[in-house]
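Residue numbers (this note's numbering): 489 to 555. Every residue gets a Cβ at the ideal spot worked out from N, C-alpha and C, and that includes glycine. This report refers to the structure that appears directly beneath it.
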Ligand SMILES: [Zn+2]
């Protein structure tokens, strides 16, 4: 299986500025329990939604708050 790095090297560069905002690329931690068992839950407007499978906590990639 191909790695994310090989699939989108340019995109990885583009989001480098986003890294300093909250999370490194591909390493999303649940703001509630700190688990990395987080899955993408699709885009919601300008935000990327995430869902923690460990504590069933939904949040976005900007504020890290519940929707
Ligand atoms: Zn969690």
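Quick one: residues in its chain with C-beta nearer than 6 Å to the C-beta of residue i, no 5 flanking neighbours on either side, listed in chain order?
| i | result |
| --- | --- |
| residue 537 | 529, 530, 548 |
| residue 539 | 527, 529, 546 |
| residue 504 | Low per-residue confidence applies at residue 504: pLDDT is 48, beneath 50, and the placement is therefore not dependable, though the value from the model is reported in the following sentence. Closer than 6 Å at the Cβ level, and outside the excluded window around residue 504, lies no residue. |
With DSSP run on the structure shown, which of helix, strand or coil describes residue i?
| i | result |
| --- | --- |
| residue 531 | strand |
| residue 543 | coil |
Should residue i be labelled buried (16 or more other beta-carbon atoms within 10 Å of its own) or exposed?
| i | result |
| --- | --- |
| residue 526 | buried |
| residue 518 | buried |
Apart from the five residues on each side of it in sequence, which residues of its chain come closer than 8 Å, Cβ to Cβ, to residue i?
| i | result |
| --- | --- |
| residue 533 | none |
| residue 521 | 540, 542, 543, 545 |
| residue 524 | 515, 516, 517, 518 |
Among residues of its own chain, excluding the 5 on either side of residue i, which ones have a beta-carbon nearer than 7 Å to its beta-carbon?
| i | result |
| --- | --- |
| residue 535 | 548, 549, 550 |
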